[in-house]
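> One structure, pasted below without further comment.
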Ligand SMILES: [Zn+2]
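Protein chains in written order, with the UniProt record's numbering: chain A, 1 to 424; chain B, 1 to 471.
Right, here's the structure in full:
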């Protein structure tokens with residue numbers, strides 16, 4: 001049996017949450033809106049209508065490019081990409097072909113090939129015997145991020161996507177909500193014999209993936225499928241496949257021979273774009289502190305553990321909440337970090353000042369860390385065993401052990417609750 | 001007849017209450033009733049009662065009128081969307097399309113108080129030079145109804161020549177305003193690319209399309225351009241270049257203006273009577289103090305091939321939206337000529353052919369820009385014929401696609417470069433058919449061209465003659 005190495009590249013589409021659409025004044029936010037209530041001649045592609053670019057969307061795409069350490073084009077342009085589909089009102093999509101806004105960049109070890117801006121399509125709604133088109137989504141700004149084929153495992157793919165998702169959210173340019181379709185993933189996968197250099201002569205693109213979990217499953221499935229074919233002496237076909245979550249498999253949709261010729265040509269309705277260094281550095285200044293930098297700073301400034309800093313910087317909102325609490329100055333940062341991590345306060349409804357106040361009111365009551373609970377449980381297997389057999393005293397014994405470990409601090413009630421949640 | 005008066009004369013009469021907007025509408029509808037059945041200039045005629053109602057509304061507010069176009073009836077090539085008024089682009093594909101919005105040019109004219117009375121015949125989607133490629137019957141030349149009125153905007157030009165409207169809005173992609181202006185003996189202005197918003201103009205070839213006035217005289221065109229010109233937030237290719245008072249600059253002397261006479265435009269292939277008439281026009285300009293010099297503008301012969309790559313490529317893209325799903329009518333309804341252009345363009349844009357055709361044509365475009373810029377650095381305008389021949393009999397162009405393309409020889413390079421050009425009558429042939437010439441200028445030099453045209457028309461009678469159909 002041969003051993004194989006997967007070669008994976010990712011194509012990610014992210015809808016920008018600008019106020020208006022890419023080329024018209026209609027609202028860009030379309031999720032859950034009544035069909036065809038956010039349309040105009042431009043995004044319906046009516047005869048005579050013309051696109052006018054959304055400056056914010058261009059700025060945000062450049063910002064993302066910069067955040068990924070890519071090179072921003074001095075001259076860029078839009079192109080028309082032609083294909084027939086009922087959700088594409090003009091018969092072409094305004095996209096970017098050979099002069100994307102950004103080339104290059106990296107996330108960790110994975111190189112970014114390009115970042116470009118385009119417009120989203122409408123949506124088909126299939127009912128029993130008809131198919132309807134909703135154009136609310138038509139013309140929403142859509143950023144496409146394409147990686148180099150640098151990914152070799154599902155874990156690497158997951159790490160990359162998590163990081164990209166986090167970066168996009170930090171920049172505040174998209175909700176990047178997979179379920180709502182504002183972030184969409186298309187992996188392309190091939191495998192080669194371990195030790196071989198160069199890319200395989202085929203690749204399989206997988207579409208219809210709407211969660212991080214499914215992308216892992218789909219990649220995993222494809223790797224297995226392709227290895228089986230190769231072991232049987234067959235070469236996998238270059239094709240587009242769709243992920244079927246119900247069946248847990250990918251299904252062939254379109255082979256290479258049927259691939260469309262998009263007849264790209266420069267969009268004559270939109271003049272080419274030129275960016276001065278000054279404009280680009282202006283955008284650069286708008287980039288907020290990104291997760292890596294923030295994490296390092298938290299570790300240094302607040303003497304947090306890497307683990308805690310990681311948790312606190314998971315979202316910008318959480319990190320900001322933490323820092324606002326710190327700024328109030330009455331509770332040490334480390335104590336705040338523990339409190340926030342363990343109690344997960346409802347940031348939507350609890351103001352930082354209120355949180356600080358409640359910490360102070362709790363007085364000596366300090367938060368019980370998960371680590372202590374875990375440690376006590378693993379140190380006392382007999383007590384755990386006894387509790388599981390029904391001995392209630394064993395639980396009280398464990399509570400006592402935790403309290404001793406915490407030098408008498410923490411409420412017995414709280415400790416009991418946490419122990420129970422671990423013992424279930 | 002009232003329709004013989006200039007825009008400014010009509011505006012004066014209205015201001016002094018000598019006439020009312022209803023008088024003009026009434027006369028125009030009478031003429032239409034008599035003449036249009038002979039020439040078929042209209043695709044859609046606005047209901048007379050509705051036009052009168054609007055005229056009455058205008059009459060009540062005429063004191064507030066700022067524009068000389070106030071209360072005047074106008075027509076548009078059927079390539080502009082007009083809210084509530086059927087818009088077909090002369091194709092059955094849009095046979096029953098009533099747009100929910102209006103082109104910027106239409107909106108601006110309505111704001112100025114002008115009254116739309118009709119949507120005019122044309123070659124479907126702008127594909128043609130004779131208004132024969134239409135699904136609504138050919139438009140006949142008012143000077144000889146056995147001949148073409150030109151195209152693609154034959155309808156608006158024939159209507160102006162026959163006094164069926166005071167002014168018209170045409171659309172010029174490769175000569176569609178100038179060609180019918182020449183063949184119908186009127187005045188048409190192809191504006192600089194970006195001078196007038198294209199929003200709501202049904203795209204033929206987006207990088208070549210331009211929106212301009214068609215009227216009896218250069219002076220009338222100036223008044224219309226003042227209203228329709230300018231930057232439009234809905235058209236990213238419209239220019240922020242300020243709109244000057246073109247009508248105010250008409251009277252200036254043209255003494256010392258330099259006009260180029262490019263020999264390549266007068267080689268064999270050009271009709272002898274047309275050459276003679278333009279040589280005569282050259283003398284008129286000289287007598288008015290202009291300096292006319294012979295120049296060479298090479299590459300002219302490449303204009304048609306370059307145009308017939310760029311325009312079909314863009315049209316194959318622009319017509320992709322008429323996919324039979326949303327406008328009700330199937331793509332089979334495209335005419336042969338339109339299908340030919342879609343096929344040619346699709347081919348030129350295909351991967352593997354793009355570099356050899358579209359990209360090469362774009363390179364040639366840059367060279368055309370250089371060549372024209374070279375000449376226009378030294379000259380205020382270029383004097384040239386509009387068409388190689390006199391208005392053809394029906395079928396002559398339609399049956400011969402190559403001849404059809406060559407009809408565009410003198411006009412297309414102007415669109416490729418994006419320059420303005422004024423076409424106006426400069427005489428009549430022995431058969432009584434009008435002859436036109438064009439004055440091509442620098443980018444945004446419409447005021448110079450209009451002044452040249454106006455000075456010429458002050459000393460020549462051609463623009464005042466009535467066509468046979470009115471007799
Ligand atoms: Zn819209």
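Ideal placement from N, C-alpha and C gives every residue a C-beta, glycine not left out.
In chain order, what are the residues with a CB under 6 Å from some non-hydrogen atom of ligand 1?
Qualifying residues come out as A/21, A/24, A/26, A/39, A/40, A/42, A/43, A/139.
> Are the C-beta of residue 351 of chain B and some C-beta of chain A separated by less than 8 Å?
Yes, residue 351 of chain B lies at the interface with chain A (some Cβ there is under 8 Å from its Cβ).
> On the CB-based measure, 16 or more other CB atoms within 10 Å of its CB, does residue 164 of chain B come out buried or exposed?
Burial call: buried.
> Could you work out which residues of chain A lie near residue 200 of chain B, taking near to mean beta carbons separated by less than 7 Å?
Residues of chain A passing the Cβ test: 48.
> Which residues in the same chain have their Cβ closer than 6 Å to the Cβ of residue 8 of chain B, if we skip the five residues on either side of it in sequence?
Answer for residue 8 of chain B: 68, listed in chain order.
> Beta strand (DSSP E) containing residue 113 of chain A: first to last residue?
From DSSP, the beta strand (DSSP E) with residue 113 of chain A extends over 110–119.
> Determine whether the beta carbon atoms of residue 427 of chain B and residue 390 of chain B lie at a separation below 8 Å.
No, they are not a contact pair.
> Near residue 183 of chain A, which residues of its chain fall below 6 Å by C-beta distance, leaving aside the five closest residues on each side in sequence?
Cβ neighbours of residue 183 of chain A beyond the five flanking positions: 14, 176.
> Helix, strand or coil for residue 29 of chain B per DSSP?
Helix at residue 29 of chain B.
> Would you say residue 91 of chain A faces chain B, with C-beta separation under 8 Å as the test?
True, the Cβ-Cβ gap to chain B drops below 8 Å.
> Here's a check: name, in chain order, each residue in its chain whose Cβ is nearer than 6 Å to the Cβ of residue 9 of chain A, leaving out the five neighbours to either side.
Contacts found: 147, 149, 188.
> Would you kindly work out how many angstroms separate the C-alpha atoms of residue 419 of chain A and residue 136 of chain A, rounded to a whole number?
Their Cα atoms are separated by approximately 50 Å.
> Verify the CB distance criterion: does residue 18 of chain A have a CB-CB separation below 8 Å to chain B?
For residue 18 of chain A, the answer is no, since every Cβ of chain B falls outside 8 Å of its Cβ.
> Is it right to say residue 219 of chain B is buried, meaning 16 or more other beta carbons lie within 10 angstroms of its own, or is it exposed?
Label assigned to residue 219 of chain B: buried.
> Give the DSSP bridge partners of residue 249 of chain A, in chain order.
DSSP output for residue 249 of chain A lists A/244 as bridge partner(s).
> Chain B partners of residue 278 of chain A, CB-CB under 8 Å?
Ordered by position in chain B, no residue passes the 8 Å Cβ test against residue 278 of chain A, which lies about 21 Å from the chain.
> What are the start and end residues of the alpha helix (DSSP H) that includes residue 418 of chain A?
Here the alpha helix (DSSP H) through residue 418 of chain A covers 412–423.
> Locate the alpha helix (DSSP H) running through residue 322 of chain A, then write down its first and last residues.
Run containing residue 322 of chain A: 316–328, per the alpha helix (DSSP H) assignment.
> In whole angstroms, give me the CA-to-CA distance for residue 327 of chain A and residue 422 of chain A.
About 34 Å.
> State whether the segment 137–147 of chain B contacts the segment 105–114 of chain B, with contact taken as three or more CB pairs (one from each stretch) at a distance under 8 Å.
As far as the Cβ criterion goes, the segment 137–147 of chain B does not touch the segment 105–114 of chain B, which means the pair count is below three.
> Determine whether the beta carbon atoms of residue 333 of chain B and residue 93 of chain B lie at a separation below 8 Å.
It is a contact, given that the beta carbons lie within the stated cut-off.
> Are the C-beta atoms of residue 181 of chain A and some chain B residue less than 8 Å apart?
Closer than 8 Å: no.
> Between which residues of its own chain and residue 13 of chain B is the CB-CB distance below 6 Å, once the five residues before and five after are set aside?
19, listed in sequence order.
> Taking a cut of 9 Å between CB atoms, which residues from the segment 247–266 of chain A lie near chain B?
Those residues of the segment 247–266 of chain A that come within reach of chain B (Cβ to Cβ, closer than 9 Å) are 261, 262, 263, 264, 265, 266.
> Note the first and the last residue of the continuous beta strand (DSSP E) segment covering residue 144 of chain B.
144–148 is the span of the beta strand (DSSP E), which, as asked, contains residue 144 of chain B.
> Note down, in chain order, all residues in the segment 298–314 of chain B with a beta-carbon under 7 Å from any beta-carbon belonging to chain A.
Against chain A - using a Cβ distance shorter than 7 Å - the residues of the segment 298–314 of chain B are 313, 314.
> Hey, is residue 321 of chain B's beta-carbon within less than 8 Å of any beta-carbon in chain A?
Chain A contact via Cβ: present.
> In the DSSP assignment, find the unbroken beta strand (DSSP E) run with residue 12 of chain A in it and report its ends.
Unbroken beta strand (DSSP E) run through residue 12 of chain A: 4–15.
> With distances taken from CA atoms, which of A/156, A/125, A/403, A/263 is nearest residue 352 of chain B?
That would be A/263, whose Cα lies nearest to the Cα of residue 352 of chain B.
> Any idea what DSSP makes of residue 19 of chain B, helix, strand or coil?
Residue state, collapsed to three classes: coil.
> Could you tell me the alpha carbon to alpha carbon distance between residue 223 of chain A and residue 7 of chain A, rounded to whole angstroms?
Their Cα atoms are separated by approximately 9 Å.
> Have a look at residue 273 of chain A and residue 279 of chain A and give me their C-alpha separation to the nearest angstrom.
Those two C-alpha atoms are separated by around 12 Å.
> To the nearest angstrom, how far is the alpha carbon of residue 120 of chain B from that of residue 466 of chain B?
C-alpha separation (whole angstroms): 20 Å.
> Taking its Cβ as the centre, do 16 or more other Cβ atoms sit within 10 Å of residue 307 of chain A, making it buried, or is it exposed?
Exposed.
> Keeping to the same chain, check which residues put their C-beta closer than 8 Å to that of residue 58 of chain A; ignore five residues upstream and five downstream.
So the list reads 101, 117, 273, once near-sequence residues are dropped.
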